[in-house]
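Following full-length UniProt numbering, the numbering of the sequence shown begins with 1 at its first residue and continues without gaps. Okay, structure first, notes after.
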Amino acid sequence: MKQRDMNPDWISTARTLSEALPYLQRYDEAIVVIKFGGHAMGDDAAMETFARDVVLMRQVGVNPVIVHGGGPMINEMLDKLAIRSDFVNGKRVTDAATMEVVEMVLSGRVNKRIVQAINAQGGRAVGLSGKDAHLVTCDPADPALGLVGVPSQIDPGILHTLFRDDAIPVIAPLGAGRGGETYNINGDTMAGAIAAALKADRLLLLTDVDGVRDAQGKVITDLKADQVRAMTADGTISGGMIPKTETALHAIEGGVRAVVILDGRVPNAPLLELFTDHGAGSMIRA
Numbered sequence: 001m002k003q004r005d006m007n008p009d010w011i012s013t014a015r016t017l018s019e020a021l022p023y024l025q026r027y028d029e030a031i032v033v034i035k036f037g038g039h040a041m042g043d044d045a046a047m048e049t050f051a052r053d054v055v056l057m058r059q060v061g062v063n064p065v066i067v068h069g070g071g072p073m074i075n076e077m078l079d080k081l082a083i084r085s086d087f088v089n090g091k092r093v094t095d096a097a098t099m100e101v102v103e104m105v106l107s108g109r110v111n112k113r114i115v116q117a118i119n120a121q122g123g124r125a126v127g128l129s130g131k132d133a134h135l136v137t138c139d140p141a142d143p144a145l146g147l148v149g150v151p152s153q154i155d156p157g158i159l160h161t162l163f164r165d166d167a168i169p170v171i172a173p174l175g176a177g178r179g180g181e182t183y184n185i186n187g188d189t190m191a192g193a194i195a196a197a198l199k200a201d202r203l204l205l206l207t208d209v210d211g212v213r214d215a216q217g218k219v220i221t222d223l224k225a226d227q228v229r230a231m232t233a234d235g236t237i238s239g240g241m242i243p244k245t246e247t248a249l250h251a252i253e254g255g256v257r258a259v260v261i262l263d264g265r266v267p268n269a270p271l272l273e274l275f276t277d278h279g280a281g282s283m284i285r286a
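Structure below.
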């Protein structure tokens, strides 16, 4: 007869799974939009972990939608091709030559890498951009920046079709202009607009910081929209966190139930946020 002592780690794992049950029930059939970018996109191990998390979410009934960035990869390719960029107020001007590279990198290299990673974990990921099936129609963000757009109209029909087929949409932040132009869209802005159009239960903005901090530098786990506006006005929220929180506020105004800004470098961050008591990062809601 073979005997086995119970390892405390095994018991802890079982307890964690058991405690997740209310959250698994809570998010059954929920739509969760995830903005994926930063450190995890350039690290093979982090990409694999993220892909496994996404497949697990779909397996337990969540409808995940992935919107990704790719700025560093675009810069790398522009440098390789010796395409010079002009800047206006620190922002890259996207001319026709630059746009060709942007689309090639985002819809090709980056998008398909994420799709492949998810499929390798047993998921059914489908790569697309905002140009597909009239998903995102754009207006120019600023004529001085060239082909940089902001979403003006979202048709999420194709995403609902993919949900019904148990597929996971992976979306590159590109859109079509009213005259057939291709526009580059900020990844956070794209994720917020799609989440609002879907009336998503959650928008998770994965970043390289661990959340919104107060004046003493401590991460705030739960915020109301009015508190975010006040902290921005008094300078507590500043720098690169401002566009993140602005995206969160716009998404909430558009019908998203809550937005979470969390550190994508933390292993299994989306699962910690959705399926545990303590969550991860800073939640913002109306």
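Note that CB positions come from ideal geometry on N, CA and C, so glycine has one too. Remember, it's a predicted structure, so these values are computed and weren't measured experimentally.
Discussion item. Using a 10 Å radius around the Cβ and a threshold of 16 neighbouring Cβ atoms, would you call residue 81 buried or exposed?
Written reply: Taking the sequence shown and counting its residues from 1, one reaches residue 81 at position 81. By the neighbour-count rule (16 or more Cβ atoms within 10 Å), residue 81 is not buried but exposed.
Worksheet item: Under three-state DSSP, which class holds residue 183?
Response: Here residue 183 refers to the residue found at position 183 when the sequence shown is read from its first residue. Strand at residue 183.
Worksheet item: So which of 27, 72 and 236 has the shortest CA-CA distance to residue 59?
Response: Within the sequence shown, the letter at position 59 stands for residue 59. Ranking the options by Cα distance to residue 59, first place goes to 27.
Worksheet item: What's the gap between the Cα of residue 183 and the Cα of residue 118?
Response: Residue numbering aside, residue 183 sits at position 183 when the sequence shown is read from its first letter. Residue numbering aside, residue 118 sits at position 118 when the sequence shown is read from its first letter. Spanning the two alpha carbons is a distance of roughly 26 Å.
Worksheet item: Are at least three pairs of beta-carbons, each pair with one atom in the segment 210–217 and one in the segment 259–278, less than 8 Å apart?
Response: yes
Item to complete: Figure out for me which residue from 242, 178, 170 and 258 has the closest Cα to the Cα of residue 204.
Response: Position 204 of the sequence shown, counted from the start, is the residue given in the question as residue 204. That would be 258, whose Cα lies nearest to the Cα of residue 204.
Worksheet item: Is the segment 135–155 touching the segment 168–178, taking contact as three or more C-beta pairs under 8 Å?
Response: yes
Discussion item. So, under 8 Å CB-CB, residue 151 and residue 193 are touching, yes? Tell me the CB distance rounded to an integer number of Å.
Written reply: For the purposes of this step, residue 151 is identified with residue 151 of the sequence shown, where counting begins at 1. For the purposes of this step, residue 193 is identified with residue 193 of the sequence shown, where counting begins at 1. With a Cβ gap of about 4 Å, residue 151 and residue 193 count as contacting.
Practice prompt. My understanding is that residue 37 touches residue 187, with C-beta atoms under 8 Å, so please give their C-beta distance in whole angstroms.
Written response: Position 37 of the sequence shown, counting from 1, holds the residue named residue 37. Position 187 of the sequence shown, counting from 1, holds the residue named residue 187. So it is a contact: roughly 6 Å between Cβ atoms.
Worksheet entry | Rounded straight-line distance, which links the Cα of residue 124 to that of residue 53 | Within the sequence shown, residue 53 is the residue found at index 53, counting from 1. Within the sequence shown, residue 124 is the residue found at index 124, counting from 1. Their Cα atoms are separated by approximately 13 Å.
Worksheet item: Exposed or buried, residue 249, counting other C-beta atoms within 10 Å across all chains shown (16 or more means buried)?
Response: For the purposes of this step, residue 249 is taken as the residue at position 249 of the sequence shown. So residue 249 ends up on the buried side.
Fill in: At least 3 beta-carbon pairs within less than 8 Å: the segment 55–71 vs the segment 223–232
no
Discussion item. In whole angstroms, give me the CA-to-CA distance for residue 273 and residue 239.
Written reply: Along the sequence shown, one-based indexing puts residue 273 at 273. Along the sequence shown, one-based indexing puts residue 239 at 239. Rounded to whole angstroms, residue 273 to residue 239 spans 25 Å at the Cα level.
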